[in-house]
Structures are given as C-alpha cells and as structure tokens.
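Numbering (the working numbering), first residue to last: 9 to 270.
Inspection log for the structure reproduced underneath, given as structure tokens.
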Ligand SMILES: NC(=O)c1ccc[n+]([C@@H]2O[C@H](COP(=O)([O-])OP(=O)(O)OC[C@H]3O[C@@H](n4cnc5c(N)ncnc54)[C@H](O)[C@@H]3O)[C@@H](O)[C@H]2O)c1
C-alpha cells in the first residue's frame, strides 16, 4: 500500500509528496500544511477565504501555494485537483479539514443551518474523497478526514454538527474498504479531535453570552485540563498521511485530552 513519491526533494517524513489541504487558511488545516512542508511535502492550501489562504501560503514559502476553493462546490473540487496535479505532478495526500461549527439543538436548528452544516462538513468531505480516489487510484495515496469527538458521542446542543461529523466517520470507513477492495493503494482514516484552540473555537466562545464560563465548561470535560493545540492534531495527521501508516486504513483516531475516556 505504499504511496509513491511525486518528485525528488530533500528529507523528511513526507519527502517528495504532493498534498492538498482544505481549510488550510486557518487552525488545524494551516498547522497541517506548515508541518507537511517542514517534513518535505509540497502543499496546495485550499480555502474559501482568499485573503487568509494566500497569506498562509506566503507565510509557509515556495513549497506551498493557495487555491481558492469552496468545498461544497463540485466544479471547485475539479479545479483544485487539476491545479494541484498541474503544479505538483500528482496528489498523494488529501486532508479534508475545511469545516464549520454550528451551535443548535434539534429543536432550534433551522433547515437552512442544518443544510449548510451538512454541505460543508459532509458533502465537502464526500466530494473530496471522490475526487481524490479518482486522482490517486493509479499510484495510491492517503486521505485524512477531520471528524470530531462530535462524530463519536452526541451533544444535545450540536445536532447538525454531530450528524455531519458522524457521517464523516462512516464515510471514511466506506472509502477505505472500497479502495482496499479495488486494490487502489489508497488509505482513508478519520481524526476525532476534542476542543482545539483555533479560530473556530475562539469565535464560538466569543459568541456565547459568557465566553469565559463557556471555556471553563469545555475544560471541565478535558482530563488533561486544557484545549489542544492545532500542531498536536497536525502531528497525528502527519503520521496518517505518511508511509509509516501503510497498514492503517478505515480507522478512527481520537485526540481529545481524554475528554471521551470517561
Ligand atoms: N477546533 C476544534 O476544536 C475542532 C474539534 C474537532 C474537529 N474539528 C474540525 O477540524 C476542522 C478544522 O477546524 P479548525 O478548528 O481548524 O477551524 P477553523 O475555522 O480555524 O478553520 C476552518 C477553515 O475552513 C474554511 N472553510 C469553511 N467553510 C469552507 C468551505 N465551504 N470551503 C472551503 N473552506 C471552508 C474556513 O475558511 C477556515 O479557514 C473542521 O472540520 C472542524 O470541524 C475542530
């Protein structure tokens, strides 16, 4: 199941690999793109936020470039993949990190909020997996999907988000099993973070009536007693994207400071 390299390049755990990271302008996606380049990959950062995406790529340097990309749009996916293949020669790794969080119980979620959450988090991940399988099936590759602890356990306040992330968890297994059956050499795994200190979580806190109390409530659920850092998630994604994880597919990886252990 070894993913072949798309170019030469120096050392590192991803030496010579070409990667596409969605949601790469911010948070976990950005930390992942930075880490991938540090480990020898060349990276297409994609995001719907053009300004922050372009700035992120500039900050990383010549081994990264930015592609504007709304993951809910089929035509954007085709274009992002084309751009990645034309500039990097291949797509060896896809990380589906683009996502949105919506607070709302089942009783108070509008159909529009529901559809928007599913569109970005689940439709976007489905389109990414489909396009990646088509692009990788000749030479193999690795797909890493960002689910969440919200894809493992329920929360009364996050009906749409939980549903979208639960969908990502099982979509991942379906993709992994299909690719294994076809002998494509493509691995697909899901990552399930707990609370991570990113702009997504900071803006969620600041939208609550008492942000400090909300943060304290989150920390109460963490055995380790702090939010995670995006770099800590990037380390796990790096492992799953690399050839070190050649025997790992269809698996789910919880990284949550112990919040779901009890
Ligand atoms: N931060 C956490 O605590 C946490 C926990 C579990 C799972 N996750 C998941 O990790 C992933 C990354 O989250 P983060 O915390 O880094 O969030 P973030 O808000 O910092 O970054 C998400 C990025 O996705 C982009 N994005 C949103 N909608 C998009 C679309 N339609 N098309 C393209 N890009 C789009 C945003 O512009 C942003 O740059 C998400 O899927 C999130 O659900 C985060």
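Just so you know, even glycine gets a beta-carbon here, dropped at the ideal spot from N, CA and C.
Name the one or two DSSP bridge partners that residue i has.
| i | result |
| --- | --- |
| residue 44 | Answer is none; residue 44 lacks a bridge partner. |
| residue 204 | 236 |
| residue 194 | 149 |
So for residue i, helix, strand or coil by DSSP?
| i | result |
| --- | --- |
| residue 105 | coil |
| residue 27 | strand |
| residue 17 | A caution first: residue 17 carries a pLDDT of 48, below 50, which makes its placement in the model too unreliable to give a value. |
| residue 72 | strand |
| residue 51 | strand |
| residue 22 | coil |
| residue 199 | strand |
Taking 8 Å as the cut-off, decide whether the C-beta atoms of residue i and residue j are in contact.
| i | j | result |
| --- | --- | --- |
| residue 87 | residue 135 | no |
| residue 143 | residue 93 | yes |
| residue 236 | residue 227 | no |
| residue 150 | residue 101 | yes |
| residue 37 | residue 103 | yes |
| residue 203 | residue 176 | no |
| residue 217 | residue 156 | no |
| residue 231 | residue 267 | yes |
| residue 53 | residue 39 | no |
| residue 106 | residue 35 | no |
| residue 193 | residue 258 | no |
| residue 127 | residue 80 | yes |
| residue 252 | residue 21 | yes |
ask   = For the 8 Å Cβ check, are there 3 or more pairs between the segment 127-145 and the segment 169-180?
value = yes
message = What ranges does the beta strand (DSSP E) occupy inside the segment 209-268, keeping only unbroken runs of at least 3 residues that lie completely in it?
response = Scanning the segment 209-268 for uninterrupted beta strand (DSSP E) segments of 3 residues or longer gives 260-263, listed from N- to C-terminal end.
ask   = Looking at C-beta atoms only, is the number of pairs between the segment 97-106 and the segment 22-31 that lie closer than 8 Å three or more?
value = yes
request  = Specify whether the segment 40-52 and the segment 112-123 touch according to this definition: at least 3 beta carbon pairs, one from each stretch, less than 8 Å apart.
outcome  = Touching, no, given that fewer than three Cβ pairs across the two stretches are closer than 8 Å.
ask   = Quick one: complete alpha helix (DSSP H) runs, 4+ long, within the segment 111-174?
value = 119-126 and 132-144
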